[in-house]
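**Q** I'd like to ask you about the structure that follows.
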Amino acid sequence: MGKEIERKFLVKNKSYKSLANGTHYQQGYIPTVNGMTVRIRIAGDKAFITLKDHAVGFTRHEFEYPIPVDEAQQMLDLMCAKPQIDKYRYVVPATSPVAEHNLCWEVDEFLGDNQGLTIAEIEVPSEDTIFDIPDWVGEEVTGDKRYYNSHLCNCPYKEWK
Numbered sequence: 028m029g030k031e032i033e034r035k036f037l038v039k040n041k042s043y044k045s046l047a048n049g050t051h052y053q054q055g056y057i058p059t060v061n062g063m064t065v066r067i068r069i070a071g072d073k074a075f076i077t078l079k080d081h082a083v084g085f086t087r088h089e090f091e092y093p094i095p096v097d098e099a100q101q102m103l104d105l106m107c108a109k110p111q112i113d114k115y116r117y118v119v120p121a122t123s124p125v126a127e128h129n130l131c132w133e134v135d136e137f138l139g140d141n142q143g144l145t146i147a148e149i150e151v152p153s154e155d156t157i158f159d160i161p162d163w164v165g166e167e168v169t170g171d172k173r174y175y176n177s178h179l180c181n182c183p184y185k186e187w188k
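At position 160 of the sequence shown the residue is numbered 187 (our numbering), and the sequence of numbers has no breaks.
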């Protein structure tokens, strides 16, 4: 069974851009009645379907499978709620006192209805994993549902007051 343990932070400046190239992401969510998440994602020239349950602390079960890009585009067009997420993702190596962790920051710079929002996420092997926080990473927003991609579809950043 797959598990995702993730921490989310706001981003203070754009210096992360000098550390990585961005990949364009399109993603949408198939509506569910039980609060679980079914995500369809096209990332560059690859596509995935992902199923996630509710988070407990920073942890939730996650199952992700590759799917053909043309089928993912059809699912986004036909099955996913609108609006959808449009963003660039930058993957930046992270540093940690424990070298074997091989952690990475995933920095999402949102476009469209969520333009102006930039979030950094780090996936960790356990909730108590120690990692260094770069100077471009700001306030932690882990657990704040407003910053979940699935929530940003329903309540885009441009509508926040």
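Backbone N, C-alpha and C define an ideal beta-carbon position, used for all residues, glycine too. Every value quoted in this text rests on a predicted model; they were computed, and no experiment measured them.
Using the C-alpha atoms, what's the distance from valine 118 back to lysine 73?
**A** For lysine 73 and valine 118, the distance between alpha carbons rounds to 16 Å.
**Q** How is lysine 35 classed by DSSP in three states: helix, strand or coil?
**A** In this structure, lysine 35 counts as strand in the three-state DSSP scheme.
**Q** Give a yes or no on whether the minimum CB-CB distance between glutamate 31 and chain C is below 8 Å.
**A** In the structure shown, chain C does not exist; there is a single protein chain.
**Q** According to DSSP, simplified to helix, strand and coil, what is tyrosine 175?
**A** It is coil, neither helix nor strand.
**Q** Using the Cα positions of isoleucine 68 and cysteine 180, report the straight-line distance between them to the nearest angstrom.
**A** Note on residue identity: the sequence assigns arginine, not isoleucine, to residue 68. Computed Cα separation, rounded: 13 Å.
**Q** Have a look at glutamate 154 and lysine 185 and give me their C-alpha separation to the nearest angstrom.
**A** So the two alpha carbons sit approximately 31 Å from each other.
**Q** Residues in the same chain with beta-carbon distance under 7 Å from threonine 169, minus the five sequence neighbours each way, listed in chain order, please.
**A** Cβ neighbours of threonine 169 beyond the five flanking positions: Arg34, Lys35 and Phe85.
**Q** Buried or exposed: which applies to methionine 132, given that a residue is buried once 16 or more other Cβ atoms fall within 10 Å of its Cβ?
**A** Note on identity: in this sequence residue 132 is tryptophan, with methionine being the wrong assignment. With 16 or more Cβ atoms within 10 Å of its Cβ, tryptophan 132 is classed as buried.
**Q** Around the Cβ of alanine 108, are there at least 16 other Cβ atoms within 10 angstroms (buried) or fewer (exposed)?
**A** So alanine 108 ends up on the exposed side.
**Q** Just curious, the beta strand (DSSP E) that aspartate 135 is in, first and last residue?
**A** Note, aspartate 135: beta strand (DSSP E), 131–137.
**Q** Extract the residue ranges of the beta strand (DSSP E) inside the region 50–103, only unbroken runs of 3 or more that lie entirely within it.
**A** Listed in chain order, the complete beta strand (DSSP E) runs (minimum 3 residues) inside the region 50–103 are 64–70, 73–79 and 86–94.
**Q** Given a threshold of 16 other Cβ atoms within 10 Å of its Cβ, counted over all protein chains shown, does tryptophan 187 qualify as buried or as exposed?
**A** Exposed: under 16 other Cβ atoms inside 10 Å.
**Q** If we count the other Cβ atoms within 10 Å of its Cβ and call it buried at 16 or more, is glycine 55 buried or exposed?
**A** Glycine 55 comes out buried.
**Q** How many Å lie between valine 164 and tyrosine 175 at the Cα?
**A** Each residue's alpha carbon lies about 17 Å from the other.
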